[in-house]
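Read in order, the letters of the sequence shown are residues 3 to 656 in the working numbering.
Here a beta-carbon is modelled for each residue, glycine too, at the ideal position from N, C-alpha and C.
What you are looking at is a predicted structure, and each value in this text was computed from that prediction instead of being measured.
Please read the structure below before turning to the comments.
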Amino acid sequence: MFKEFNIENFEDSSKILEEILNKSRVEVQELLKIENKTYKNFVLPFSEIGEAINEFITPVFHLDSVKNSKITSKVYEECLPIISKYESEISQNEDIYSALKDIQYNENSTLNNIQKKVLENEIREFELSGCQLENNKKQRLEEIDLALGELSHKFSQNILEATNSFSLIVEDFEDVKEIPKSDLELAKFEENGKTKYKFTLQMPSYIAYMTYGTNREKREELYKAYTTRAPQNGEIIEKILALKSEKVEILGFKNYASYSLATKMANSEEDVISFLEELGNKAKKKAEKELEEIKQIAKEDGINNFRASDISFYSEKLKKAQYEIDEEYYRPYFEQNSVLYGFFATLKELFNIEFKLSNAKAWDDKVKVYDIFEDGKIIARIYIDLEARDDKRGGAWMNNWHSYYKDSKSNIQLPTAFIVGNFPKSTKDIPSLLRHSDVVTLFHEMGHALHHLLSKVEEANVSGISGVAWDVVEFPSQFLEYFSYDRDILKLFAKHYKTGQVLDDEAINKLIKAKNFQSSMATVRQIEFALFDFKLHQKLYKTEVEVQELLNSIRDRFSVVQIPSYNKFQNSFSHIFSGGYSAGYYSYKWAEVLSADAFYMFLDSKNVLNKELGLKYRNCVLSKGGSENMDKLFFDFAQREPKIDSLLKLDGII
């Protein structure tokens with residue numbers, strides 16, 4: 003029923019991949035020999051060939067992110083040119099392109115809308131890959147794509163190595179006295195008969211000291227180490243930008259931003275810029291007030307030369323003063339397993355699905371595998387890997403492995419996905435105790451996963467998240483985030499891990515009230531990132547200096563925080579240099595308009611766990627995957643266009 007996650011013979015992956023791809027080449031040639039090509043005898047089996055390759059390569063690349071080692075990096079680097087070469091061959095194969103065009107023309111009257119969408123997407127992808135170009139240009143595109151893949155991997159690897167190479171050793175207890183006990187236990191070690199504390203650039207450890215460490219100079223030292231990671235990535239950025247610019251010029255686009263928008267919902271570069279600037283302008287005045295509040299708290303400590311490295315520490319003090327919110331008070335109530343099972347109960351109520359623990363193999367002992375059921379019938383599988391490890395890439399993400407689809411023999415294939423986080427570690431004495439922000443992240447990534455796993459689209463190419471426009475792919479994930487602040491939902495899982503006591507109403511009310519704490523500062527920060535990304539791809543910035551000048555110009559206009567000149571944020575901006583968000587980071591805010599407006603419908607119904615609405619959302623949005631444009635799916639669900647004011651209200655900006 004499900005392919006097991008199997009990493010036997012891992013070191014031979016490149017050889018196995020070569021065999022799989024050679025077999026695929028033969029199968030593609032056999033398909034091209036068919037005289038009367040149809041959707042059924044050509045498009046469906048061609049799609050299955052792609053699914054089989056994905057089934058093998060996804061775990062190989064995934065392992066490099068979650069159990070990174072010299073071996074995984076070596077295997078990744080061996081496989082990358084092999085798969086890149088194959089993908090370039092296929093995407094530039096004029097015979098396949100012509101076959102798809104012929105089928106689109108000949109069967110237009112008999113194909114259903116989903117099949118038409120598959121062909122439309124596939125043909126567009128072939129054209130964006132340069133299928134119609136002369137051979138020398140095709141060859142150059144192949145070289146560029148391979149080089150970009152290698153540079154992206156190196157970019158990510160440099161960050162991981164830099165993150166793991168730094169540690170801050172604290173010997174004076176005065177410097178750590180305010181740090182939560184659970185974080186302090188993880189940092190504590192003995193050396194020469196003396197208790198010391200080690201803080202790293204791994205996110206849970208970094209956050210702990212930046213938020214609670216009382217030594218200002220040590221906070222600055224840690225902040226500087228974090229924001230100057232991987233300086234060699236500056237040169238990699240230059241190379242990536244040059245190659246992307248050359249690629250889109252070959253393909254006939256004026257810049258990489260316009261190339262990016264060819265597969266997105268936004269209509270034009272101007273629409274994206276004006277959308278971001280409108281949001282930034284509306285949020286900035288309030289963001290300036292929010293920063294002044296932090297500075298006032300710092301002044302009470304005698305600090306008049308406020309620094310960026312002071313923000314987390316004094317924000318936490320301000321949060322406590324305004325809302326009496328103490329993260330450490332909450333964490334014992336957010337034990338990882340309790341959160342998961344309460345979350346599963348929420349999803350059962352909303353979407354009529356059940357999660358049952360499986361004994362399937364995974365890549366680490368801490369990974370939990372669940373089979374998902376609907377009305378007693380198994381429909382999907384999910385792997386959940388939440389705890390931070392030294393060999394795991396930072397951040398949180400969802401990775402799709404298998405898609406839901408009907409194969410050419412009319413068998414239904416079931417979907418699988420991975421959720422990865424970097425939440426506080428469990429030890430033999432203390433379980434993994436989450437911050438509420440971790441809970442929000444878990445809801446977010448599950449939103450992505452369910453968008454993939456609850457698909458009922460029978461065509462693999464537009465099932466789940468496949469074929470979903472990139473600037474709306476965040477809609478289901480952000481939508482689910484809002485539920486993590488609901489009182490009734492919190493009571494399902496916010497239970498003290500020792501006593502079982504449910505978090506009281508007063509504490510929950512504080513958490514809900516604090517939801518929009520510094521939301522305007524968060525908004526302008528996202529606008530800064532999104533505008534930097536988009537404008538960076540509108541023209542060619544050739545040097546690190548030019549890239550920095552662009553970032554500075556955007557900060558001058560929208561940032562309310564004085565950023566130190568040594569901060570090289572761009573060198574660890576993985577989303578756009580080693581992820582899929584190039585000229586697409588604006589998607590987070592673009593999709594948030596949809597997610598906020600959809601959630602408002604649940605608020606208006608006076609029942610956030612409204613099963614009727616939940617099932618309507620599942621049927622109109624989640625089950626449809628990429629089979630139709632998201633603006634239509636949203637309209638089917640809401641029966642109206644989305645309103646930007648819903649986002650501004652939920653964020654407390656208006």
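Cβ-based neighbour list, residue i, same chain, cut-off 6 Å, excluding 5 preceding and 5 following
i	result
Gly-236	Glu-546 and Asn-573
Lys-394	Val-68
Tyr-325	Lys-512, Lys-515 and Ala-516
Ile-1	Residue coverage of the chain in this structure runs from 3 to 656, which leaves residue 1 outside it and unanswerable.
Phe-168	Leu-203 and Ala-227
Leu-492	Ile-510
Ala-462	Ser-49, Glu-53, Ser-405 and Tyr-407
Leu-533	Leu-278 and Ile-556
Asp-185	Ala-210
Start-to-end residues for the beta strand (DSSP E) that takes in residue i
i	result
Leu-388	379–389
Trp-403	399–404
Lys-190	190–193
Sequence-distant residues of its chain with Cβ nearer than 8 Å to residue i (five each side left out)
i	result
Lys-183	Glu-330
Asp-473	Lys-266, Met-267, Ala-268, Gly-586, Tyr-588, Ser-589, Trp-592 and Ala-593
Glu-351	Leu-611, Lys-613 and Gly-616
His-438	Glu-329, Tyr-332, Phe-336, Ser-486 and Leu-513
Ile-125	Tyr-99, Leu-102, Lys-103 and Gln-106
Nearest to residue i (by Cα), restricted to the options the options
i	options	result
Leu-253	Glu-548, Glu-144 and Ser-26	Glu-144
Gln-520	Asn-609, Ser-314 and Leu-278	Ser-314
Tyr-199	Ile-171, Lys-570, Ala-285 and Glu-630	Ile-171
Thr-40	Phe-534, Gln-117 and Ser-15	Gln-117
Ala-149	Phe-168, Thr-74, Glu-79 and Leu-186	Glu-79
Ser-86	Leu-533, Ile-414 and Phe-63	Phe-63
Tyr-372	Ile-655, Phe-357, Lys-379 and Trp-365	Phe-357
Cys-81	Asn-631, Phe-534 and Ser-15	Ser-15
Leu-23	Glu-10, Phe-58, Glu-37 and Met-3	Phe-58
Arg-142	Lys-246, Leu-596 and Gln-641	Lys-246
Lys-72	Ser-100, Ser-169 and Glu-13	Glu-13
Leu-456	Glu-376, Pro-433 and Leu-436	Glu-376
Thr-216	Glu-222, Gln-234 and Val-178	Val-178
Asn-2	Leu-542, Gly-423, Ile-529 and Leu-552	Summary: the structure shown does not reach residue 2, with the chain confined to residues 3 through 656, and so no result is reported for it.
Gln-31	Leu-19, Glu-21 and Phe-44	Phe-44
Lys-17	Asp-66, Ala-54 and Val-77	Val-77
Ile-299	Ala-496, Phe-345, Ile-55 and Ala-323	Ala-323
Tyr-385	Arg-391, Lys-368, Gln-134 and Arg-218	Lys-368
Span of the alpha helix (DSSP H), counted from its first residue to its last, around residue i
i	result
Tyr-587	Segment: none, Tyr-587 is in no alpha helix (DSSP H) and carries neither H nor E.
Leu-253	235–253
Lys-104	In the sequence as presented, Lys is not what sits at residue 104; that position holds Asp. Looking at the DSSP string, the run of the alpha helix (DSSP H) that includes Asp-104 is 96–108.
Ala-289	271–301
Leu-649	646–652
Phe-477	477–483
Ser-630	One point to set straight first is that residue 630 is Glu, not Ser, in the sequence displayed. Run containing Glu-630: none; DSSP gives neither H nor E here.
Phe-58	46–68
Glu-30	Checking the sequence shown, residue 30 turns out to be Val, not Glu. It spans 15–34 - the alpha helix (DSSP H) in which Val-30 sits, taken as one unbroken run.
Arg-395	Here Arg-395 belongs to no alpha helix (DSSP H), and DSSP marks it neither H nor E.
In DSSP terms, what residue i is bridged to
i	result
Ile-421	Ile-386 and Met-400
Gln-415	Tyr-407
Ser-169	Thr-202
Asp-373	Lys-358 and Arg-383
Thr-545	For Thr-545, which the question treats as bridged, DSSP gives no partner whatsoever.
Phe-604	None, per the DSSP bridge assignment.
Val-504	Lys-497
Phe-336	Lys-497
Thr-429	Thr-429 is not bridged to any residue.
Thr-230	Paired residue(s): none; Thr-230 is not in a bridge.
Leu-435	Glu-337
Lys-196	Glu-193
Exposure of residue i, with buried meaning 16 or more beta-carbon neighbours within 10 Å
i	result
Asn-160	buried
Ser-207	buried
Gln-503	exposed
Thr-501	exposed
Phe-175	exposed
Pro-417	buried
Thr-165	buried
Arg-557	buried
Asp-507	exposed
Cut-off 7 Å between Cβ atoms - residues of its own chain near residue i, not counting five sequence neighbours on either side
i	result
Ala-259	Glu-271, Phe-536, His-539, Gln-540 and Ala-585
Ile-146	Leu-245, Glu-248 and Lys-249
Leu-293	Met-523, Val-562 and Val-563
Proximity test, residue i beta-carbon vs the ligand HEM heavy atom, cut-off 7 Å
i	result
Tyr-619	Ligands in the displayed structure: none, and consequently the ligand HEM is not present.
Any chain D beta carbon closer than 8 Å to residue i
i	result
Lys-500	In summary, chain D is missing from the structure at hand, where a single protein chain is found.
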